[in-house]
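Student:
2 protein chains.
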Amino acid sequence: MDVRTICLGILTRGDATGYEIKKTVEEDGHRHFAEASFGSIYPALNRLTEEGLVSVRAEAQEKRPDRKVHTITRAGRRAFVASLMEPLPEDRHRSPFVFAMLFADLLPKDHVSRMLGAYIAHTEEKLSRLQQADAKPRREGERFADGLVTAAYAAVLDYLRIQRAKIETTAAQAAE
Amino acid sequence: MDVRTICLGILTRGDATGYEIKKTVEEDGHRHFAEASFGSIYPALNRLTEEGLVSVRAEAQEKRPDRKVHTITRAGRRAFVASLMEPLPEDRHRSPFVFAMLFADLLPKDHVSRMLGAYIAHTEEKLSRLQQADAKPRREGERFADGLVTAAYAAVLDYLRIQRAKIETTAAQAAE
DNA sequence: GTTTGCATGTAAACGGTTACATGATTGG
DNA sequence: CCAATCATGTAACCGTTTACATGCAAAC
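Have a look at this one:
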């Protein structure tokens, strides 16, 4: 999803500054399937404002840049819903880790082992944060999304734990 | 993974033209976690050649551009292994579908239903092609990667089938 | 005392995609 | 007859990341 649409979506849930949008995208409810950096959020918000899909009010602050609080307009809401209604781009998944595992036979065994360990730990951590998030009440859409991501991660973890030994055996035994 | 590294990796399995590399990346063994287009493969291959990580021999063909068959060099192999040994970039997953589900409450119920149906069908298709691929013998790394992707898709499908009704209920009942 | 949080923005660079150009052959 | 396969390449464009600029306050 492009940053434009991400911004609009987050603003349907309430007013926000660019800074707050960034924080929201980094939360577990979003970060597993969407991304946006400052460098793309701020220009997107300005363009959206020019186009009348968003309005801004500046809140003055001392010794700090003004907070620019953005509100989605009625036109913005319409545009957002319309963009969700037209054919969605396909999912895109990139995993350097899985790609690397394709070539386990070319890598030293202990390195493969470390990669697996790190990836498993990393996935466990994501899972446990998702499960914490599951406690507090959320909109149904968020519950659904978190649940889906949780199911996927849990399945991957299961697989990794069971198959780990087998792929490690494939690795080159010694070597540089 | 950048296209450079993808090209090198595929070439460790045998000589290939840019065209063949593209085809390989599009196969089930790769496409679920790596991508590359012609516009990035051809320049990458040329740069790799300049750098001495790859060598080329042109095979003349009538009425068609020469096949430029690329072979990875010893330096190329070393560079490839080295790139897999240094800290891997994180996985990146983008799912416009899951993002859209976050806002199911803003969309007409029948549209949400269609989106779910399409996504489920799409995932089923991926799964069945992976399971077919599972029949023919492959390198252990490929078996591992396919298995992992299969496990993830299967879990997602399960979740979708069970939760579908619940998220549909969340959708706005009527109209645009 | 250093890191983190708050808060905005720009410019350059990067990596990649899309569309185009070219064109024969084979299969449906 | 049209679509797909084979085969390479370029140029324009696009969205994004990275680094920079600025700077106080609070927490550790």
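Each protein sequence line maps, in turn, to chains A and B. At position 101 of the first sequence (counting the first as 1) the number is 410 in our numbering, and the numbers step up by one without a gap. At position 165 of the second sequence (counting the first as 1) the number is 474 in our numbering, and the numbers step up by one without a gap. Idealized CB from N, CA, C, for every residue including glycine. The structure displayed is predicted, hence computed values, not measured ones.
(1) Apply the 10 Å Cβ neighbour rule to Ala-325(A) and answer buried if 16 or more other Cβ atoms are within range, or exposed otherwise.
(2) Please list the terminal residues of the continuous beta strand (DSSP E) segment that includes Ala-353(B).
(3) For a contact meaning CB atoms closer than 8 Å, what does Asp-467(B) contact in chain A?
(4) Among residues of its own chain, excluding the 5 on either side of Asn-355(A), which ones have a beta-carbon nearer than 8 Å to its beta-carbon?
(5) Report yes if the C-beta distance between Asp-455(B) and Leu-439(B) is below 9 Å; otherwise report no.
(6) May I ask you to list, following chain order, the residues of the region 385-416 of chain B that have a beta carbon less than 7 Å from some beta carbon of chain A?
(7) Just by C-beta distance, which residues in the region 425-449 of chain B are closer than 8 Å to chain A?
(8) What distance in whole Å lies between the Cβ atoms of Ser-404(B) and Phe-347(A), which are believed to be in contact at a cut-off of 8 Å?
(9) Please report whether the beta-carbon of Gln-370(B) lies at a distance below 9 Å from any beta-carbon of chain A.
(10) Using CA atoms only, rank isn't needed, just tell me which of Ser-364(B), Glu-336(B) and Ile-350(B) is closest to Thr-382(B).
(11) Quick one: does Ala-343(A) have its CB under 9 Å from some CB of chain B?
(12) Would you tell me roughly how many angstroms separate the C-alpha atoms of Met-424(B) and Gly-450(B), rounded to the nearest one?
(13) Going by the beta-carbon positions, is the gap between Leu-320(B) and Thr-380(B) smaller than 9 Å?
(14) DSSP three-state label for Thr-314(B), please.
(15) Within 10 angstroms of its Cβ, does Thr-478(A) collect 16 or more other Cβ (buried), or is it exposed?
(16) Starting from the beta carbon of Ile-476(A), find every residue of chain B whose beta carbon is closer than 8 Å, and list them in chain order.
(17) Give the secondary structure of Pro-417(A) by DSSP, where H, G and I count as helix, E and B as strand, and everything else as coil.
(18) Counting only C-beta atoms, is Leu-357(B) closer than 9 Å to chain A at any point?
(19) Reducing DSSP to helix, strand and coil, say where Lys-475(A) ends up.
(20) For Gly-385(A), count neighbouring C-beta atoms within 10 Å of its own C-beta (all shown protein chains included) and say buried if the count is 16 or more, exposed if not.
(21) Could you say which of Phe-453(B), Val-421(B) and Pro-446(B) lies nearest to Val-407(A) if we only look at CA atoms?
(22) Just mark Ile-471(A) as buried or exposed, buried being the case when its beta carbon has 16 or more other beta carbons within 10 Å.
(23) Count the other C-beta atoms from every protein chain shown that fall within 10 angstroms of the C-beta of His-402(A), then say buried if there are 16 or more, exposed otherwise.
(24) Let me know the secondary structure DSSP gives Thr-333(A) once reduced to three states.
(25) Give me, in chain order, the residues of the same chain whose beta-carbon lies closer than 6 Å to that of Tyr-428(B); leave out the 5 immediate sequence neighbours on both sides.
Tutor: Considering the structure as presented:
(1) buried
(2) No beta strand (DSSP E) holds Ala-353(B); the alpha helix (DSSP H) holding it covers 347-359.
(3) Ala-460
(4) none
(5) yes
(6) Val-390, Leu-393, Met-394, Leu-397, Pro-398, Asp-400, Arg-401, His-402, Arg-403, Ser-404, Pro-405, Phe-406, Val-407, Phe-408, Ala-409, Met-410, Leu-411, Phe-412, Ala-413, Asp-414, Leu-415 and Leu-416
(7) Arg-448 and Glu-449
(8) Contact doesn't hold; Cβ gap of about 22 Å is too wide.
(9) no
(10) Ser-364(B)
(11) yes
(12) 34 Å
(13) yes
(14) helix
(15) exposed
(16) Glu-449, Gly-450 and Phe-453
(17) strand
(18) no
(19) helix
(20) buried
(21) Phe-453(B)
(22) exposed
(23) buried
(24) helix
(25) Phe-406
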